[in-house]
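**Q** Residue numbers (my numbering), protein chains in the order written: chain A, 65 to 155; chain B, 84 to 551. This is the structure I want to talk about, given as structure tokens.
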Amino acid sequence: MSINKDGAVQNARRDLAKRLNIDPGDVKERSVEDSDFPDMSLGAAEDGEMSGQMITPGWRIRLEANGQTFEYRADKNQVRLYKYKGKNYRI
Amino acid sequence: MNRNNIFIHIALALVLILVAAFAGQLSRWRKQLKTNVRIVPAAEKKQPTSAEEIALSETRSFGRPEVLVKFKSGVSRSTIESLTSRFNDRIEDSIENVAGLESIDDLDNADASIVAAQYRAIPEVEYAEPNYDIELDEIDNPLEPILPSDPQFNDQWALANSGQRGGKKGADISATLAWAKTTGSEDVVVAVLDSGVDYTHEDLAGNMWVRPAEMDPYHDEELGTVDDLNGYNAIDGNSDPMDENGHGTHCAGIIGAEGENDLGIAGVNWKVQIMPLKFMNAGGFGTTKDAIEAINYVIDRKKAGVNVRIISASWGSTQKSRALEDVIRKAYENDILFVAAAGNASTNNDRSPHYPSSYDVPNVISVAALDRHDQLASFSNYGVKSVAIAAPGVEILSTWLGNQYEEKSGTSMATPVISGVAALILAENPKMSVDDLRKRLMDSTDPIVALKGKTVNGGRINAAKALE
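Next comes the structure, spelled out in structure tokens:
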């Protein structure tokens, strides 16, 4: 199923609220930018994951909660949390 | 008439006969050239603008000085030199058999007809005429470029760069000259280890590998027997490698979209067998374990008799896997080349390795990407020790899902260019070992300034050189 920009932002907000155990309303949308990512895991490969080395257009989503900024990366196929506590996650 | 006068008259007569004979021969040459060759004044030579023209411009050409000038008998050498110097010209050559006939190079690069007129205007000159470039037209020439009928070929700058969309003319892999030698062979099998391949695509279907009827289906101890008629799907452990993403279909088209079929594009190989292997999903990513399973499948099929000599791997990550390295080494032991994308992080692989392209295994050849200006792509990884070679990888048109064609960028796109050239080499040299194949690729590049200090050999692959 294809994901659009708004859907990707909603998925990211829900994911972050769940991880931080806070209300989704407390997650602020700081920025959403169109971006070209270096590969098909959006430059956020999980452990043991390989991806196609093709430039992939998508969105860089920055959310704010608990005084911190968190980066999500998304395209039509996926949403990923980038370097959360040092690791990448596909949500 | 004394004896001396007789000799002088005889000598003059001989000179006149030689001049007349030379003029007559010139006339005959001209008549022949009208039927066999096109004559273009060197100074008026048009710059090529289309893919066809750039391809034609790659035929043999003959460099010529600008004008041929015949000085009158008795004009001394020092006078000739003085006159040419006065016009800021240079004597390029003296035609030994015709006294006074000089080929002269104009250092100002003026129009040849104007230079010739300048010489005709001085009393010491008998005649002067522009020199002509002679371009072979109908004469059989082993380096004559071959152009396919595929309607979107002119958009394939990687194969024939005519300067389309502001690119640099000639910044390509010289595919049209390579095709004069071979357009590929259906005896060569290339494994596209990727997101699968849309094996029903109109421009690929004729070049897809199908397991020979006499060959047993694939048997895996864990999966049992898999009817691998059209390839292998390592994600689901079944026989359907249909692409759900498009990435693998794109890579397959670069290697071997059918050529000369009046459809879409031409691959580096017009004829080849593409073995589709699926280990990446609809999102374009997959697990190391499934990649290993797919490579294991290739080795098994090679042992079973399939002439699969190349694995094209347009994928990777920064995570090292000893198990993946081991199975790639096993592929080497089975004479299989492993062509791998260098990665798209704009980083130096010598310092921050990217795998599998950075594995130190003899069959691995790591590929960087070039743009249509012969510049290293802004995204491309590099490494003077660890990135072997470069190929076009920006705005590359190829096959896509649903009988479509799309332009994509990445070292993913440069990798199948190298795989495709390797397949052409094997079409001409079926018994070539994997070591020799890799060496041939490394020895078959055009030096590119932008690659100096960026890749091992600092060059862009040249398919025509690879087939010399």
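In this text, a Cβ means the ideal position worked out from N, Cα and C, and glycines have one as well.
Helix, strand or coil for F154 (chain B) per DSSP?
**A** Three-state DSSP puts F154 (chain B) in a strand.
**Q** What residues are listed by DSSP as bridge partners for I187 (chain B)?
**A** I187 (chain B) pairs with B:V150 and B:I174.
**Q** Taking beta-carbon pairs under 8 Å, can you tell me which members of the stretch 103-119 of chain A lie near chain B?
**A** Listed in sequence order: D103, M104, S105, G107, A109, D111, G112, E113, M114, S115, G116, Q117, M118 and I119.
**Q** Taking three-plus beta-carbon pairs below 8 Å as touching, is the stretch 526-541 of chain B in contact with the stretch 365-379 of chain B?
**A** No contact exists between the stretch 526-541 of chain B and the stretch 365-379 of chain B.
**Q** Are the C-beta of N141 (chain A) and some C-beta of chain B separated by less than 8 Å?
**A** Closer than 8 Å: yes.
**Q** For a test of the three-state rule: what should DSSP assign to T259 (chain B), helix, strand or coil?
**A** T259 (chain B): helix per DSSP, three-state reduction.
**Q** On the criterion of 16 or more Cβ atoms from any shown chain inside 10 Å, does I178 (chain B) qualify as buried, or is it exposed?
**A** Flag for I178 (chain B) reads exposed.
**Q** Let's test the definition: count the other Cβ atoms within 10 Å of the Cβ of S105 (chain A) and tell me whether it reaches 16, buried, or not, exposed.
**A** Classification for S105 (chain A): buried.
**Q** I want to know whether the stretch 474-494 of chain B touches the stretch 439-457 of chain B - three or more CB-CB distances under 8 Å.
**A** Yes, the stretch 474-494 of chain B is in contact with the stretch 439-457 of chain B.
**Q** Measuring straight from C-alpha to C-alpha, what distance separates R392 (chain B) and A549 (chain B)?
**A** Going from the Cα of R392 (chain B) to the Cα of A549 (chain B) covers about 17 Å.
**Q** Look up L166 (chain B) in the DSSP assignment and say whether it is helix, strand or coil.
**A** Residue state, collapsed to three classes: helix.
**Q** Along the chain, which unbroken stretches of the beta strand (DSSP E) at least 3 residues long are found entirely within the stretch 294-332 of chain B?
**A** The stretch 294-332 of chain B contains these whole beta strand (DSSP E) runs: 301-303 and 307-309.
**Q** Please confirm if the stretch 252-265 of chain B is in contact with the stretch 324-334 of chain B, defined as three or more CB-CB distances below 8 Å between the two stretches.
**A** Touching, no, given that fewer than three Cβ pairs across the two stretches are closer than 8 Å.
**Q** Using DSSP with H/G/I as helix, E/B as strand and the rest coil, what is Q247 (chain B)?
**A** Helix, per DSSP.
**Q** The alpha helix (DSSP H) with M114 (chain A) in it runs from where to where?
**A** No alpha helix (DSSP H) contains M114 (chain A), which is instead part of the beta strand (DSSP E) from E113 to G116.
**Q** Please report how far the alpha carbon of P499 (chain B) lies from the alpha carbon of G476 (chain B), in whole angstroms.
**A** Cα to Cα, the separation comes out at about 9 Å.
**Q** Which residues of the stretch 358-375 of chain B have a Cβ closer than 7 Å to any Cβ of chain A? Give them in chain order.
**A** Within the stretch 358-375 of chain B, the residues whose Cβ lies closer than 7 Å to some Cβ of chain A are M363, A365, G366, G367, F368, G369, T370, T371 and A374, listed in chain order.
**Q** Inspect the CB distances between the stretch 466-473 of chain B and the stretch 429-449 of chain B and report whether three or more fall short of 8 Å.
**A** With the cut-off at 8 Å, the stretch 466-473 of chain B and the stretch 429-449 of chain B touch.
**Q** The beta strand (DSSP E) with I357 (chain B) in it runs from where to where?
**A** Unbroken beta strand (DSSP E) run through I357 (chain B): K354 to K361.
**Q** Quickly, what does DSSP pair F101 (chain A) with across the bridge? List them, please.
**A** DSSP output for F101 (chain A) lists A:T120 as bridge partner(s).
**Q** Out of B:Y202, B:S397, B:K385 and B:D310, point me to the one whose CA is closest to I337 (chain B)'s CA.
**A** Cα-wise, what sits closest to I337 (chain B) is B:S397.
**Q** Taking just the CA atoms, how far does V158 (chain B) sit from V152 (chain B)?
**A** Approximately 12 Å, taken between the alpha carbons.
**Q** Flag Q239 (chain B) as yes if its beta-carbon sits less than 8 Å from any beta-carbon of chain A, otherwise no.
**A** Chain A, which has no Cβ nearer than 8 Å to the Cβ of Q239 (chain B), makes this no.
**Q** Per DSSP, N431 (chain B) is paired with what?
**A** Its beta-bridge partners are B:Y465.
**Q** P231 (chain B) by DSSP, collapsed to three states: which one?
**A** P231 (chain B) falls in the coil class under three-state DSSP.
**Q** Please report how far the alpha carbon of I531 (chain B) lies from the alpha carbon of S463 (chain B), in whole angstroms.
**A** For I531 (chain B) and S463 (chain B), the distance between alpha carbons rounds to 15 Å.
**Q** In whole angstroms, what separates the C-alpha of A211 (chain B) from that of G246 (chain B)?
**A** Each residue's alpha carbon lies about 36 Å from the other.
**Q** Please report the Cβ distance between G557 (chain B) and V355 (chain B), rounded to the nearest whole angstrom; I am assuming they are in contact, meaning their Cβ atoms lie under 8 Å.
**A** As displayed, chain B neither begins before 84 nor continues past 551, which places residue 557 (chain B) out of reach and without an answer.
**Q** For N379 (chain B) and V539 (chain B), I'd like the C-alpha separation in whole angstroms.
**A** Approximately 29 Å between the Cα atoms of the pair.
**Q** Whose CA, out of B:A505, B:Y465 and B:N512, lies closest to the CA of M525 (chain B)?
**A** Ranking the options by Cα distance to M525 (chain B), first place goes to B:A505.
**Q** Considering Cα atoms alone, identify which of B:D286, B:E511, B:P206 and B:L360 is closest to Y315 (chain B).
**A** Checked all of B:D286, B:E511, B:P206 and B:L360; the closest Cα to Y315 (chain B) is B:L360.
**Q** Mind checking which residues open and close the alpha helix (DSSP H) that includes E376 (chain B)?
**A** Counting along the chain, the alpha helix (DSSP H) containing E376 (chain B) begins and ends at T371 to K386.
**Q** Quick check: the Cα distance between T370 (chain B) and N237 (chain B), rounded to an integer number of angstroms?
**A** Distance between the alpha carbons of T370 (chain B) and N237 (chain B): 37 Å.
**Q** Residue range of the alpha helix (DSSP H) that A406 (chain B) falls in?
**A** Run containing A406 (chain B): R405 to E416, per the alpha helix (DSSP H) assignment.
**Q** Less than 8 Å between the beta carbons of N171 (chain B) and R455 (chain B), yes or no?
**A** Against a cut-off of 8 Å, the Cβ pair of R455 (chain B) and N171 (chain B) comes out as no contact.
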